[in-house]
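Notes for the one structure printed next.
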Amino acid sequence: MEGRHSPKHAAPTRSSRRTERPERTEYRQREAAPVREKLPRRNRPVWQLIIQDILLTGLVLCVFATFHHVIPRLTAKNVQMPTPSSVIGSPAPTETSAPEETAPENTPEPTPEVIDNRTEWQKKFAEHFTEEVVITENSYTSPNIAITMSTITIDDPSPTVCYVADIYIAQIENFQTYWANGQLSYYGEENSLSMAINSGAILSINGDYADNQRSGFLVRNGELYYSDQTTYDICVLYYDGSMETFSPSEYAVDDILAKAPYQVWKFGPELLDENGQPKQSYNTSDAISWENPRSGIGYYEPGHYCFITVDGRQNGYSRGLEIDRFAKLFADLGCTVAYNLDGGQSAVMTFDQRVYNQPYLGGRNSGDILLIRELPESTEGGEGE
3 MEGRHSPKHA APTRSSRRTE RPERTEYRQR EAAPVREKLP RRNRPVWQLI IQDILLTGLV
63 LCVFATFHHV IPRLTAKNVQ MPTPSSVIGS PAPTETSAPE ETAPENTPEP TPEVIDNRTE
123 WQKKFAEHFT EEVVITENSY TSPNIAITMS TITIDDPSPT VCYVADIYIA QIENFQTYWA
183 NGQLSYYGEE NSLSMAINSG AILSINGDYA DNQRSGFLVR NGELYYSDQT TYDICVLYYD
243 GSMETFSPSE YAVDDILAKA PYQVWKFGPE LLDENGQPKQ SYNTSDAISW ENPRSGIGYY
303 EPGHYCFITV DGRQNGYSRG LEIDRFAKLF ADLGCTVAYN LDGGQSAVMT FDQRVYNQPY
363 LGGRNSGDIL LIRELPESTE GGEGE
């Protein structure tokens, strides 16, 4: 048994301690080196952070576009869209006929018989209609339709150009919608001008992106396609010419169907409150609320409407409008109801068989349009569907 002071446990001599110190020092230096590497690094330059944010934002947008636009289009050919499940009955037609059927050709003043045969709206808005078709660069008038085009520039702080079509019609059927390629199909698309020409439109704006809808509440030209409650605000145009907008909690589908809807649009949001003033909040996403090119419809009274298309995303020409500023434009014009339709690159207005606004990147194909047209029997040479 080794003793406590045996050579094996002998305390190191002075000389041995001196020889061990360099080893301990060297060990401590090796251990301390990583500590210096963990000292705070200098912040990256601001320009690098900006570029990084731009790249990340672009990546997010690309992923969104892939799932929201590209993939649905790749599968669209395999999706069967419904045919109208029913035709919603319109009120009994009046026993009036178009003025041309009773008035002698080229008569400058209407005869008493023609006056008697005028529709209620023709009589009410008589000062806006003309006995013959008169077309100028920025207007169209006939016995059945009166359209006046105007341009409004809003400067706050940079300019935004808005195209306004003031519309009077003789009967509700002068206001129609038209599907791309003539029928509803999933992601069916067509150039807006082509749709306007094929439908015989005098005036048109893009619709509500209905070609990507497979549910919700959808009525077009009196035909019912879907009758499901939706989380979107809707806009209803009735056969009597009145128009209403609703948030999802404000309506029941059966109640609206009982009132004979002629058109039901689902995009939104609704823009004005019950007093015809801009709403305090809007049922939409931030992306739609920001400055954008826009299209929308406004209502004054039965037979009197307006279409508005706003150009945007074009520096030095037109930046676009936020949703609340768009609502204020309709209120300033005196509308009592207004509704936001699809916008962005889809925002296209046509008039007299030409694109009237300057769409972002030239516009793009869309699924449907809202249009004003003569009925086939109304004017000579009128086109039917």
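The opening position of the sequence shown corresponds to residue 3 in the numbering used here, with each subsequent residue numbered one higher.
Glycine is no exception: its CB is placed at the ideal position from the N, C-alpha and C atoms.
- For ASN200, the enclosing alpha helix (DSSP H) covers residues 194 to 201.
- Annotated three-state conformation of ILE90 is coil, per DSSP.
- Within the segment 153 to 230, the runs of alpha helix (DSSP H) at least 4 residues long that lie entirely inside it are, in chain order, 194 to 201.
- Between CYS337 and GLY369, the gap from beta carbon to beta carbon reaches 7 angstroms or more.
- Rounded to whole angstroms, GLU192 and TYR180 show a C-alpha spacing of 11 angstroms.
- For SER291, the enclosing alpha helix (DSSP H) begins and ends at 288 to 291.
- For the segment 313 to 381, the continuous beta strand (DSSP E) assignments of 3+ residues that do not extend past its boundaries occur at 339 to 342, 351 to 353 and 370 to 374, in sequence order.
- Per DSSP, VAL136 is one residue of the beta strand (DSSP E) stretching across 136 to 138.
- Counting of Cβ neighbours within 10 angstroms places LEU274 among the buried residues, the total reaching 16 or more.
- Contact check for ILE169 against TYR307 passes: the beta carbons are separated by less than 7 angstroms.
- LEU363 counts as exposed, since fewer than 16 other beta carbons sit within 10 angstroms of its beta carbon.
- By the CB criterion at 7 angstroms, GLY224 and ILE174 fall outside the cutoff.
- DSSP places LEU259 inside the alpha helix (DSSP H), whose first and last residues are 255 to 259.
- In this structure ILE371 is in contact with MET197, their Cβ atoms being roughly 5 angstroms apart against a cut-off of 8 angstroms.
- Just measuring C-alpha positions, the residue of ILE149, LEU61, PRO86 and LEU58 sitting nearest GLU376 is ILE149.
- In the DSSP secondary-structure assignment, LEU273 is not bridged to any residue.
- Apart from the 5 residues on each side of it in sequence, TYR284 sits with its Cβ closer than 6 angstroms to the Cβ of PRO271 and ILE325 in its chain, given in chain order.
- The beta carbon of LYS261 lies closer than 7 angstroms to those of TYR240 in the same chain, with the five residues before and after it left out.
- Nearest to SER152 by C-alpha distance, out of VAL312, GLY305, THR121 and ALA349, is VAL312.
- Here ALA262 carries a coil assignment [DSSP, helix/strand/coil].
- Taking every protein chain shown into account, the CB of GLN185 has fewer than 16 other CB atoms within 10 angstroms, so this residue is exposed.
- Taking one beta carbon from each stretch, the segment 280 to 295 and the segment 317 to 336 have 3 or more pairs nearer than 8 angstroms; the two touch.
- Across the structure, GLY365 and GLY314 are spaced so that their CA atoms are roughly 11 angstroms apart.
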